[in-house]
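K.L.:
Sharing a structure below in structure tokens format, with a few things to ask.
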Amino acid sequence: MPAAFVDVDETLVREITFLSLFSFDAERRTDIDGPATIREFFVLRAQGMGRAASHRWFYRLWAGRSVAEVHGVGREWFAARLATSEFFNPAVRQRLQLLATTGTRIVLVSGSFDAALRPIAAAIDADEILCTTLAVENGCYTGEVTATMVGDDKSAALHAYAARAQIDLSACAAFGDHHSDAAMFDLVAHPVIVGDRDRSLDDYPAERLPG
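Under our numbering, the letters of the sequence shown match residues 639 to 849, in that order.
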């Protein structure tokens with residue numbers, strides 16, 4: 639049974655979920671300036687900090703928070719975002735619904751984390767989530783990241799999933815919007831590029847869906 643490996647941020651949904659969830663949570667807190675923190679994140683990226691390093695920097699902001707509490711916030715955030723018609727990319731969601739009817743497994747592959755991704759996975763009946771893993775101690779996030787999910791992390795995750803699920807990657811599809819998703823595209827028979835924000839993918843041989 640083949641699988642469709644799906645990037646989430648700005649592919650399946652039209653937001654960067656780990657930033658959106660953080661902003662939603664920060665609005666209800668007095669101990670952190672959400673907009674300033676988001677700006678700092680993008681400044682660090684602009685100054686050359688890599689994706690994996692910037693994710694590690696950002697996820698430290700959850701240190702000390704109860705996992706159960708953050709997952710509850712994630713469900714509230716998702717309900718609020720779902721109320722807007724622009725959250726899901728309809729072209730991608732419809733394609734995944736079609737693939738699911740053929741028995742294709744839907745696997746989310748994302749640099750985001752489970753508190754943001756679980757509600758999305760439940761909404762589209764995804765079979766599995768491969769994502770950034772945050773360290774937990776005594777039911778709380780420590781602020782450390784035990785595994786990132788960007789670039790080559792994604793290709794390693796696909797290989798591991800294929801071995802575990804006993805599927806042939808050459809019979810699978812992958813959806814993404816960024817050149818780092820080529821790590822997935824290169825492994826599958828049917829790459830699908832969503833949107834045209836990343837001009838470095840202009841010449842990549844793939845199906846195209848609107849962003």
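For glycine and all other residues, C-beta sits at the position ideal for the given N, C-alpha and C. Values in this document were obtained by computation on a predicted structure and should not be read as measured data.
Which runs of the beta strand (DSSP E), 3 residues or longer, sit entirely within the region 724 to 789?
P.N.:
Listed in chain order, the complete beta strand (DSSP E) runs (minimum 3 residues) inside the region 724 to 789 are 743 to 751, 766 to 775, 778 to 785.
K.L.:
According to DSSP, residue 643 sits in a beta bridge with which residue or residues?
P.N.:
745, 812.
K.L.:
Under the criterion of a Cβ to heavy atom distance below 6 angstroms, does residue 722 qualify as lining the ligand FMN?
P.N.:
The ligand FMN is not part of this structure, which contains no ligands at all.
K.L.:
Check residue 832 in the structure and name its three-state DSSP category.
P.N.:
Strand, per DSSP.
K.L.:
Go through its chain and collect everything with a Cβ distance to residue 683's Cβ below 7 angstroms, but skip five positions before and after it.
P.N.:
Around residue 683: 692.
K.L.:
According to DSSP, is residue 846 helix, strand or coil?
P.N.:
It is a strand residue.
K.L.:
What ranges does the alpha helix (DSSP H) occupy inside the region 641 to 716, keeping only unbroken runs of at least 4 residues that lie completely in it?
P.N.:
Within the region 641 to 716, the complete alpha helix (DSSP H) runs of at least 4 residues are 655 to 664, 672 to 684, 689 to 697.
K.L.:
How should residue 717 be labelled, buried or exposed, when 16 other C-beta atoms within 10 angstroms of its C-beta is the threshold for buried?
P.N.:
Exposed: under 16 other Cβ atoms inside 10 Å.
K.L.:
So, for residue 663: in the same chain, excluding its five sequence neighbours on each side, which residues have a beta-carbon less than 6 angstroms away from its beta-carbon?
P.N.:
So the qualifying residues of the chain are 711.
K.L.:
Could you give the first and the last residue of the continuous alpha helix (DSSP H) run that contains residue 821?
P.N.:
Its alpha helix (DSSP H) spans residues 820 to 823.
K.L.:
Please state the DSSP three-state secondary structure of residue 791.
P.N.:
Three-state result, residue 791: helix.
K.L.:
Check whether the Cβ atoms of residue 777 and residue 705 sit closer than 7 angstroms, and answer yes or no.
P.N.:
In contact: residue 777 and residue 705 (Cβ atoms closer than 7 angstroms).
K.L.:
Would DSSP call residue 827 helix, strand or coil?
P.N.:
Coil, per DSSP.
K.L.:
Under the rule that 16 or more other beta-carbon atoms within 10 Å means buried, what is residue 726, buried or exposed?
P.N.:
So residue 726 ends up on the buried side.
K.L.:
Note down, in chain order, each residue of its chain lying with its Cβ closer than 6 angstroms to the Cβ of residue 764, except the 5 sequence neighbours on either side.
P.N.:
Result list for residue 764: 744, 746, in chain order.
K.L.:
Apart from the five residues on each side of it in sequence, which residues of its chain come closer than 6 angstroms, Cβ to Cβ, to residue 810?
P.N.:
The answer, listed in chain order, is 640, 641, 826.
K.L.:
If distances are taken between C-alpha atoms only, which option among 678, 797, 730, 822 comes closest to residue 846?
P.N.:
Of the candidates 678, 797, 730, 822, the one whose C-alpha sits nearest the C-alpha of residue 846 is 730.
K.L.:
Sort 807, 782, 766, 821 by Cα distance to residue 792 and report the nearest one.
P.N.:
Considering only alpha carbons, the answer is 821.
K.L.:
Tell me which same chain residues have a C-beta within less than 6 angstroms of the C-beta of residue 849, skipping the five on either side of it?
P.N.:
So the qualifying residues of the chain are 832, 833.
K.L.:
Measuring only the C-alpha atoms, how far is residue 650 from residue 720?
P.N.:
Computed Cα separation, rounded: 13 angstroms.
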